[in-house]
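This report refers to the structure that appears directly beneath it.
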Amino acid sequence: MATSHMHNLTTLIKRLEAATSRLEDMAMGLDDPSSPKTLNATATPETVAPEPPKPAFPAAPAAPVVPPQIEDFDALINKDVRTFADLGNKIGDLVAEQSKAVLQAFQAERTYLYVSTKAKKPEPQPPELMTELHTASDSINMIRESNRASPLFNHLSAVAEGIVALGWFFAPKPGDFVSEIVGGIEYYGNKVLKEYKEKDKAHIQYIQSYYQVFKALAAYLKKHYPKGLTWNEQSGIDALEALRQVKGGSNNGASGSAPPPPPVPMLNVPGGAPPPPPPPPAVPPPPSAAPAGDMSAVFAQLNQGEAITSGLRKVERSEMTHKNPSLRAGSTVPERPDSSGSISRSKSPAPSKKPKPQSMRVRKPPRKDLESNKWYIENFDNPGEIIEIPAQQNQSILISRCSKVIVKVTNKANAIAIDNCKELSIIVDSLVSSLDVIKCTKFALQIDGVMPTLLLDQVDGATVYLGPQSLNTEVFSSKCTAVNVMLPPQEGTDEDTKEIPVPEQIKSYVKDGALVNEIVEHAG
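Under UniProt numbering, the first residue of the sequence shown is numbered 1, with each subsequent residue one higher.
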C-alpha cells in the first residue's frame, strides 16, 4: 500500500516538472523575437494591428506677397535707418534714445504705407492710422525741448527738424518736400560736423548717416510716390480693417522678429500612437480680496443709541495722559497702520509753493535762431535794443519772454506770435496771415503795410498804430484792458492822429427771446 502511494507521488511530481518545463519554454518563446512562434505571430495580420502611418509635418503657410513699394521701404529701414540707430547707440544717452524713436517712427510709417496698399482712401481719415507715428514724433520733439541745456542739443535739434519730413503724405510732390526739409537738418547738423571735426568721428558718422536717411527717403518717394500718396481705390477694403490685418500679420519685414519654431515631430512608438500630452496645470484661483465692511452692522450699532456706551471701561486717573505728566513725557502716539479693509482717507494737499520773485529767477540766455521756416526770438531783456528780422513770405516768427526791446520785421512775413512779453514794441511791414498777442503788458505795434488780422488775448495795455494800407485790419480782443487803436490823419488835411479805444464793457439783456449785446459808452 505504501509502495502504491509512493509511486503515485513520484508520477505526480514528474507531471508537475513536465508542465513547468513547458511553461518555461513558452515564456522564453514569447520573449525571443527570433523564435518561430514569435515570427509566425508577427506575420499573422489577424492578431496584430498594423502600425499607424506617421503624421506628416504641416506645410508652412505661404508668405503673403508684399508690394514692391513696401519691400523697398523695408530695405530703407533695414539699411539706412538701422545704421543711423546703431551709430546713435554708440554715442548713447539722449542721442541713443532719440535715435530709437526715429526707428519707431519709420516703422510706424511703414505700417501706414502698407495700409494704403490695402485700403481705399478714408474720408475723414481715422486718427488710429497715425497714432504710432504721432507718438514717436512727439517723443523726438520732447527729448529736444526738455534738454536745451544739453551739450548735444545740436544733435537733438537736427533729428527733430528732420522728423517733420515723415509728414510727406499731404504734399503734392513728396520728394521735393523731403529735400526742402533737409535744409533744416543741415543747419544744426553742420554745427555738429564743425564742432566734432577734430574730436570724435562717431558724431560725424552719426550726422552723415542721418543725411543719408532722408536722401534715400527722397529717392524712394520720387520712385514710388512722385505725385503723392496713392490708395487702393479699386479693390481696397476699409482702412481700419486693413490696419488690423497689417498689425495682426507676420509680414512686417522691418520688425526683425524671429520666425515661429518648427512643429514638434511625432515619436515613432511601436505598437500604436504616442500617449497624449499631459493636461496643462490648473490655473490657481485668484487671491480672494479682503471682505469689505458690512454697513448693516454699522447701522445696527448706531440704532443702539446711548446703550452703545455700556460696554466701555472707565479710564482711571492714573491712565489719563493729559493729567499725568509722566505718561505724557514717556509715551508717543503710534502711527495708524494701513489696513486693506479700511476706507482710506486722502491726506490734505500740501501748500503750493510760491513762485520765486523775478529777481531770483535764473535768466536764460537770449536766443535768435532760424529753424527751418520759423524764427525764434526769446529771453531778450535789454532796454532800447533793436532786434531786426529779415523775414521771408514763408517764414513765421515766434517772440517769447522778451522785455523792453524793439523788434523790427522787414519784408513780408507769414505770421507772428507773441507771448509773455513786457513793454515790447514791434514794427511790421506786412503779414500774409495774422499777428497773435497773448499775455503781454504795455505792448506797442506799428503796421506799415497790410495785416489781415490782429488777435489780442489777455493783453493789459496796448497801442496799435495803423497805417494807410492797414485800415482794413480786423482786431479781435479777449480779456483785454486799455487797448487803443491809433488812426492816421486823412491825406490833405491838418488833422492829428486819432486815438480810438477798443471796447471793454459790454451790456447784455434779453429782448424778444434773444440776448442783445451793446457796447457801454462813457460820455464825459
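All C-beta atoms, glycine included, are put in the ideal place defined by N, C-alpha and C.
- LEU515 sits in a strand when the DSSP states are folded into three classes.
- With fewer than 16 other Cβ atoms from the protein chains shown falling within 10 Å of its own Cβ, LEU12 counts as exposed.
- DSSP places VAL192 inside the alpha helix (DSSP H), whose first and last residues are 174 to 195.
- By the neighbour-count criterion, in which a residue is buried when 16 or more other Cβ atoms sit within 10 angstroms of its Cβ, ASN154 is buried.
- Annotated three-state conformation of VAL409 is strand, per DSSP.
- Counted as a single uninterrupted DSSP element, the alpha helix (DSSP H) harbouring MET142 occupies residues 131 to 145.
- For VAL475, the enclosing beta strand (DSSP E) starts and ends at 474 to 478.
- Judged by DSSP secondary structure, ARG313 falls outside any beta strand (DSSP E); it is assigned neither H nor E.
- With 16 or more other CB atoms across the displayed protein chains lying within 10 angstroms of its CB, ASP80 is buried.
- Only buried fits THR111, as 16 or more other CB atoms lie within 10 angstroms of its CB.
- The Cβ-Cβ distance between VAL192 and HIS203 falls below 8 Å.
- With 16 or more other CB atoms across the displayed protein chains lying within 10 angstroms of its CB, GLU161 is buried.
- Fewer than three pairs of CB atoms, one per stretch, sit closer than 8 Å, so the stretch 402 to 421 makes no contact with the stretch 213 to 224.
- Straight-line spacing of the CA atoms in ASN141 and TYR187 works out to 17 Å.
- If you look at PHE170, you'll find it isn't in any alpha helix (DSSP H); DSSP assigns it neither H nor E.
- DSSP places LEU103 in the uninterrupted alpha helix (DSSP H) bounded by 93 to 118.
- A distance below 8 Å between beta-carbons, with the five flanking residues on each side excluded, links MET451 to the following residues of its chain, in chain order: VAL428, SER430, LEU431, SER434, LEU435, SER470, THR473.
- Where ILE397 is concerned, the enclosing beta strand (DSSP E) starts and stops at 396 to 400.
- For VAL485, the secondary structure class from DSSP, reduced to helix, strand or coil, is strand.
- Looking at ASP457, GLY449, THR453, the one whose alpha-carbon comes closest to that of THR441 is ASP457.
- DSSP places SER425 outside any alpha helix (DSSP H); the residue lies instead in the beta strand (DSSP E), whose first and last residues are 425 to 431.
- With a beta-carbon spacing of about 18 Å, ILE143 and GLN107 fall beyond the 8 Å limit used to define contacts.
- For TYR220, the enclosing alpha helix (DSSP H) begins and ends at 201 to 224.
- Partner residues in the beta bridge of ALA444, as assigned by DSSP, are SER425, THR463.
- The C-alpha of ILE426 lies about 19 Å from the C-alpha of THR481.
- By the criterion of at least three beta-carbon pairs nearer than 8 Å, the stretch 125 to 141 is not in contact with the stretch 193 to 202.
- TYR114 is classed as buried because its beta carbon has at least 16 other beta carbons within 10 Å across all chains shown.
- Comparing alpha carbon positions, the residue from GLY467, VAL510, GLY249, LEU156 closest to VAL66 is GLY249.
- Residue pairing by DSSP places TRP375 opposite LEU370, ILE397 in a beta bridge.
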